[in-house]
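>
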Amino acid sequence: MKTYINEEVLILNININIEQDYEALSRKAAQIFAKKIKENPTGAFGFATGSSPIGLYKELVRMHKEEGLDFSGITAFNLDEYHPISRTSEHSYYYFMQEHLFRHVNINQGKVNIPDGMAKDTETECCSYEAKIAEAGGIVAQILGIGLNGHIGFNEPGESFEANTRYIPLAEMTLNANAQHFSNPDEMPRHALTMGIRTIMMAKSIILLANGPAKASIMKDAITGAITPLVPASALQLHPSVNVVMDKEAAAFF
Ligand code: F6R
3 MKTYINEEVL ILNININIEQ DYEALSRKAA QIFAKKIKEN PTGAFGFATG SSPIGLYKEL
63 VRMHKEEGLD FSGITAFNLD EYHPISRTSE HSYYYFMQEH LFRHVNINQG KVNIPDGMAK
123 DTETECCSYE AKIAEAGGIV AQILGIGLNG HIGFNEPGES FEANTRYIPL AEMTLNANAQ
183 HFSNPDEMPR HALTMGIRTI MMAKSIILLA NGPAKASIMK DAITGAITPL VPASALQLHP
243 SVNVVMDKEA AAFF
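Counting along the sequence shown from 1, when you hit position 58 you're at 60 in my numbering, and nothing is skipped either side.
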C-alpha cells in the first residue's frame, strides 16, 4: 500500500531529471530556475548554499551576462545561516551567496534576505523572516540540496514537518560534514537559523539538487521511501510541484 501511495505521489508531483554529470545537472537546474524568473520577474525566490548549487549559480551568472537574465525585480530568501556568524565571515552563507551569485548579477541588494547570523533575539529574527516571505507573496521557486542524513535547510531528522523558521542546534553528522569548510573546525558555529519544513513546503515549486555517489542512498529514501520526519526531505513527496535534478551517480538507485 505504501509503495502504491508513493508511486502515485511520484508520478503526480515529482518530476525526476537524471543528467549525465554535474555540469549537465547544473545547466538543467538553471533552465528550470531561469524560466521561473522570467515568468515571475518580481517574485520571491529561495536559495540554498553548499556544494550542490555552485554549478547552477555559475550557469545563472552566465545566463545573466550572456543572455540578459534579469534579477533586478526579484526578492531573494536564503534557506539558512549559521549562528553566531557575521556576514563578513567567509564561512557565512551571506558571504557564500555574494561570492557565487548575488554580486555577479543585477539583483537589488536591498531585496536579499538571509537570516541574521548575529541576531541577538533569534525568535524575533525567525518570526520576522517568515513575515517577510509572506509580504513578498511567498516563494515562487525554492532551490534545495540534501544532507547525507536527508536534511533540507538545517531541518535535521526528527524535526516536525510543521516547523517554521527557527533557531536550532546542528546535528553531529552535519557538523562533521561541514567542518571541512573551516580551517579550525572548533570555530564552526554549532547552531543555525533555518527555514522550517513548513516554510519550505509553502514554496510554490521546489528544485532539489543531488550529485555524487554519496547522495544515492538518501535520494532513494527521500523520493521513494516512507514519508517520515526521520528523512526530512521525504516531506517533498507531499509537495505539489517538485523538480528533482540528479546526476547519474546520485540517481544510481532509480
Ligand atoms: C544549505 C543547506 C543544506 C545543504 C545540504 C547539502 O543552505 O541548507 O541543507 O543543501 O547540506 O549540502 P551540499 O550541497 O554541500 O552537499
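Ideal placement from N, C-alpha and C gives every residue a C-beta, glycine not left out.
Where does the unbroken alpha helix (DSSP H) through SER130 begin, and where does it stop?
As a position in the sequence shown, residue 130 is number 128, starting the count at 1. Looking at the DSSP string, the run of the alpha helix (DSSP H) that includes SER130 is 124 to 137.
> Got a sec? Which residues, its chain only, sit under 8 Å from ALA252 by beta carbon, not counting five neighbours each side?
Reading the sequence shown from its first residue, position 250 is the one you call residue 252. Cβ neighbours of ALA252 beyond the five flanking positions: ALA212, ASN213, GLY214, PRO215, LYS217, ALA218 and MET221.
> Ignoring anything shorter than 4 residues, give me the alpha helix (DSSP H) runs that lie fully in the segment 191 to 253, in order along the chain.
199 to 203 and 218 to 226
> Between the C-alpha atoms of GLY149 and GLU158, what's the straight-line distance to the nearest angstrom?
As a working note, residue 149 is residue 147 in the sequence shown. As a working note, residue 158 is residue 156 in the sequence shown. Roughly 9 Å separates the two Cα atoms.
> What three-state label does DSSP hand ILE20 in the structure shown?
For this step, residue 20 is matched to residue 18 along the sequence shown. If DSSP states are grouped into helix, strand and coil, ILE20 belongs with the strands.
> For the beta strand (DSSP E) containing GLN144, name the first residue and the last one.
Here the question's residue 144 lines up with position 142 in the sequence shown. 141 to 146 is the extent of the beta strand (DSSP E) around GLN144.
> Rounded to the nearest angstrom, what separates LEU238 and PRO231 at their Cα positions?
Here residue 238 corresponds to residue number 236 of the sequence shown, with the count starting at 1. Here residue 231 corresponds to residue number 229 of the sequence shown, with the count starting at 1. Rounded to the nearest angstrom, the two C-alpha atoms are 11 Å apart.
> Can you give, in chain order, each stretch of the alpha helix (DSSP H) that sits fully within the segment 154 to 182 and has at least 4 residues?
Those alpha helix (DSSP H) runs which fall completely within the segment 154 to 182 and span 4+ residues are 174 to 181.
> Within the chosen definition, does the segment 65 to 75 reach the segment 85 to 93 through at least 3 CB pairs nearer than 8 Å?
Taking 8 Å as the limit for Cβ pairs, the verdict is that the segment 85 to 93 does not touch the segment 65 to 75.
> Straight-line CA distance for THR167 to GLY198?
Along the sequence shown, one-based indexing puts residue 167 at 165. Along the sequence shown, one-based indexing puts residue 198 at 196. Using only the alpha carbons, I get a separation of about 5 Å.
> Of all the alpha helix (DSSP H) runs that stay within the bounds of the segment 59 to 116, which reach a length of 4 or more residues?
95 to 102
> So, PHE156 versus ILE141, is the Cβ gap smaller than 7 Å?
Translated into the one-based positions of the sequence shown, residue 156 becomes position 154. Translated into the one-based positions of the sequence shown, residue 141 becomes position 139. For PHE156 and ILE141, no; Cβs fall outside 7 Å.
> Look at the Cβ atom of HIS153, then the Cβ atom of PRO234, and state whether they are nearer than 7 Å.
Position 151 of the sequence shown holds residue 153. Position 232 of the sequence shown holds residue 234. Taking 7 Å as the Cβ cut-off, HIS153 and PRO234 qualify as a contacting pair.
> Is there at least one non-hydrogen atom of the ligand F6R closer than 6 Å to the beta-carbon of SER236?
Against the sequence shown, residue 236 aligns to sequence position 234. Every heavy atom of the ligand F6R is 6 Å or more from the Cβ of SER236, so no.
> How would you write the range of the beta strand (DSSP E) that PHE255 sits in, first residue to last?
Mapped onto the sequence shown, residue 255 falls at position 253. That residue, PHE255, is in no beta strand (DSSP E); it is neither H nor E in DSSP.
> With distances taken from each beta carbon to the nearest heavy atom of the ligand F6R, which residues come in below 5 Å, in chain order?
ALA50, THR51, GLY52, SER53, SER54, LEU81, ASP82, GLY147, GLY149 and GLY155
> Going by beta carbon distance, what residues of the same chain come within less than 7 Å of GLU164, once the five residues before and after it are set aside?
By 1-based counting over the sequence shown, the position of residue 164 is 162. Contacts found: ARG200.
> Report all residues from its chain with a CB closer than 6 Å to the CB of ASN245; omit the five preceding and five following residues, and keep chain order.
For the purposes of this step, residue 245 is taken as the residue at position 243 of the sequence shown. Within the same chain, ASN245 has close Cβ partners ASN17, ILE34 and ILE209.
> Can you give me the start and stop residues for the beta strand (DSSP E) that PHE49 sits inside?
Your numbering for residue 49 matches position 47 in the sequence shown. PHE49 -> beta strand (DSSP E) spans 46 to 49.
> Does DSSP put SER28 in a helix, in a strand, or in coil?
Along the sequence shown, read from residue 1 onward, the residue named residue 28 stands at position 26. Helix.
> Applying the 10 Å Cβ sphere with the 16-neighbour rule, what's the burial state of HIS183?
Within the sequence shown, residue 183 is the residue found at index 181, counting from 1. Exposed is the call here.
> Measuring alpha carbon to alpha carbon, tell me which of GLY139, ILE39 and GLY70 ends up nearest HIS106.
Here residue 106 refers to the residue found at position 104 when the sequence shown is read from its first residue. Cα-wise, what sits closest to HIS106 is GLY70.
> Assuming PRO117 and GLU83 form a contact by the criterion Cβ under 8 Å, report the distance between their Cβ atoms to the nearest whole angstrom.
Position 115 of the sequence shown, counted from the start, is the residue given in the question as residue 117. Position 81 of the sequence shown, counted from the start, is the residue given in the question as residue 83. Right, the Cβ-Cβ distance comes to about 4 Å (below 8 Å), so this counts as a contact.
> For SER28 versus GLY57, is the C-beta spacing smaller than 7 Å?
Within the sequence shown, the letter at position 26 stands for residue 28. Within the sequence shown, the letter at position 55 stands for residue 57. In this structure, GLY57 lies closer than 7 Å to SER28 by Cβ.
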